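So the sequence shown is numbered by our numbering: it starts at 79 and just counts up by one. Note that CB positions come from ideal geometry on N, CA and C, so glycine has one too. Owing to the predicted nature of the structure, the values given are computational and were not obtained by experimental measurement. Quick notes on the structure that follows.
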Amino acid sequence: MRSRLLSLGILADVDAGKTTLTERLLFAAGAIDEIGSVDAGTTQTDSLALERQRGITIRSAVASFGIGDVTINLLDTPGHPDFIAEVERVLSVLDGVVLVISAVEGVQPQTRVLMRALQRLKLPVLLFVNKIDRSGADPGRVLRAIAQRLTPAVISMGATSALGTRGAGFTPWGAADAAFGARLTEALAEHDENILASYVQDDAGVPYPRLRRELAAQTRRALVHPPRPRPRRQGNRDQRHRPRLRRRPLIRPSASRPRVTRRPAGAPVRSAHAGIGRRAGPPGRPGQAPGRPRPATSAWR
Ligand SMILES: Nc1nc2c(ncn2[C@@H]2O[C@H](COP(=O)(O)OP(=O)(O)OP(=O)(O)O)[C@@H](O)[C@H]2O)c(=O)[nH]1
Ligand SMILES: [Mg+2]
79 MRSRLLSLGI
89 LADVDAGKTT
99 LTERLLFAAG
109 AIDEIGSVDA
119 GTTQTDSLAL
129 ERQRGITIRS
139 AVASFGIGDV
149 TINLLDTPGH
159 PDFIAEVERV
169 LSVLDGVVLV
179 ISAVEGVQPQ
189 TRVLMRALQR
199 LKLPVLLFVN
209 KIDRSGADPG
219 RVLRAIAQRL
229 TPAVISMGAT
239 SALGTRGAGF
249 TPWGAADAAF
259 GARLTEALAE
269 HDENILASYV
279 QDDAGVPYPR
289 LRRELAAQTR
299 RALVHPPRPR
309 PRRQGNRDQR
319 HRPRLRRRPL
329 IRPSASRPRV
339 TRRPAGAPVR
349 SAHAGIGRRA
359 GPPGRPGQAP
369 GRPRPATSAW
379 R
């Protein structure tokens, strides 16, 4: 019997690849036999007819599977700012977040808005740099932008190869990589005096298994950001009893993005979002395709 529950949110700017990553994770975990495609409208989490038709996520959706004694709830969320209320809705039930960033588009204003909200909540965050097979992919530039604009406490976990090609790959670093060990030690010592002492006193350095354990612990405690008290969870099994964490909106739209306003109750989504969607027009960001008059950013105003 599974005794633990882990709710993991996949968050990002629009089109970064959240639904595609969710589908891959479900396949890798053995929860589905075939990988669905956003472009073909066959993914598990984009299940609304409009989502499948437009190739864009509108509503947060959850897919569950088990690994060992852990039940994992994977929550795929929308990226378009008009649907940011959907992201807010799931934040209060999450145990951790994978923040997806495209290796081509890099850190976007919406990425910063999301990261600020996650930092306020002290949620553990893993950053996932996506689309390294696309031309123009530059993970090094993205890492620098992350360090400058999101958080300086970021540790790259491996090396990329054949960028911008179908054969693009990622090789995780391990115990044999002395430079990686040194970088890990330095970053972790910021928050752990024992690591710092071992680092200074021991010529052989800190053993790699200890570094990995400490990395997991610091990530779990979101120590990469300044500490802020967070109400203790009363056990994982029933998230409904979790205290409300906020009164103000958690996600404040960035100045360069349209403000999100709610549509009137009962108004059909289709009319509110005419022009949104990859299949609705020429390539480009939803609603911003070149050569088309830009539609009202939100018909809910
Ligand atoms: N080349 C390449 N394309 C990708 C990758 N991941 C996603 N895509 C494509 O990028 C587009 C957007 O992918 P989605 O998974 O729908 O992105 P999303 O973040 O879920 O989008 P929204 O939910 O609408 O914000 C689709 O056409 C995908 O096929 C990737 O790693 N490489
Ligand atoms: Mg999606």
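Self-check item: Where the alpha helix (DSSP H) through ARG102 begins and ends
Solution: 96-106
Self-check item: DSSP three-state assignment for ILE145, whether helix, strand or coil
Solution: strand
Self-check item: Residue ranges of each alpha helix (DSSP H) within the segment 211-243, 4 or longer
Solution: 217-227
Quiz item: Of the choices ARG167, VAL185, VAL220 and THR249, whose alpha-carbon is the least far from that of THR238?
Solution: The shortest C-alpha separation from THR238 is found at THR249.
Quiz item: Is it true that the CB of HIS158 sits closer than 8 angstroms to the CB of ILE179?
Solution: no
Quiz item: For PRO250, which residues does DSSP report across the bridge?
Solution: GLY236
Practice problem: Go through its chain and collect everything with a Cβ distance to GLN317's Cβ below 6 angstroms, but skip five positions before and after it. | Solution: Confidence at GLN317 is low in this model, with a pLDDT of 40, below 50, so its placement is unreliable and no value can be given for it.
Quiz item: Are GLY174 and LEU99 touching if we call contact CB-CB under 8 angstroms?
Solution: no
Practice problem: State the start and end residues of the unbroken beta strand (DSSP E) segment that holds LEU84. | Solution: 82-90
Quiz item: Taking the beta strand (DSSP E) that VAL176 falls in, what are its first and last residues?
Solution: 174-180
Self-check item: C-alpha distance - LEU126 paired with THR97, whole-angstrom precision
Solution: 13 angstroms
Quiz item: Pairing CB atoms from the segment 219-229 with CB atoms from the segment 185-198, are three or more of them under 8 angstroms?
Solution: yes
Exercise. Could you say which of ARG244, SER142 and GLU129 lies nearest to GLY108 if we only look at CA atoms?
Key: Nearest neighbour of GLY108 by Cα position, chosen from ARG244, SER142 and GLU129, turns out to be SER142.
Quiz item: Under the rule that 16 or more other beta-carbon atoms within 10 Å means buried, what is VAL278, buried or exposed?
Solution: exposed
Practice problem: Go to LEU274, then tell me how far its alpha helix (DSSP H) extends in each direction, as first and last residue. | Solution: 271-279
Practice problem: Return the first residue and the last residue of the beta strand (DSSP E) that LEU201 is part of. | Solution: Counting along the chain, LEU201 falls outside any beta strand (DSSP E), and DSSP gives it neither H nor E.
Quiz item: Which stretch, first to last residue, makes up the alpha helix (DSSP H) that contains ARG299?
Solution: From DSSP, ARG299 is part of no alpha helix (DSSP H); its letter is neither H nor E.
Quiz prompt | Run of the alpha helix (DSSP H) containing ALA265, from where it starts to where it stops | solution = Segment 256-267, the alpha helix (DSSP H) holding ALA265.
Self-check item: Beta-carbon spacing of ASP91, THR243 below 8 angstroms
Solution: no
Quiz item: For ASP93, which of LEU204, VAL140 and ASN208 has the nearest alpha-carbon?
Solution: ASN208
Exercise. Throw me the rounded Cβ distance for the GLU101 and ILE88 pair, which I believe falls under 8 angstroms.
Key: Contact doesn't hold; Cβ gap of about 10 angstroms is too wide.
Quiz prompt | N- and C-terminal bounds of the alpha helix (DSSP H) containing GLN131 | solution = 127-132
Quiz item: Across which residues does DSSP place LEU152 in a beta bridge pair?
Solution: DSSP output for LEU152 lists LEU86 and ALA141 as bridge partner(s).
Quiz item: Which of helix, strand or coil does DSSP assign to VAL171?
Solution: coil
Quiz item: So, is ARG290 buried or exposed, given that buried needs 16 or more other C-beta atoms within 10 angstroms?
Solution: exposed
Quiz prompt | CB contact below 8 angstroms: LEU201 versus chain C | solution = As a matter of chain content, chain C is missing from the structure shown, which is built from one protein chain.
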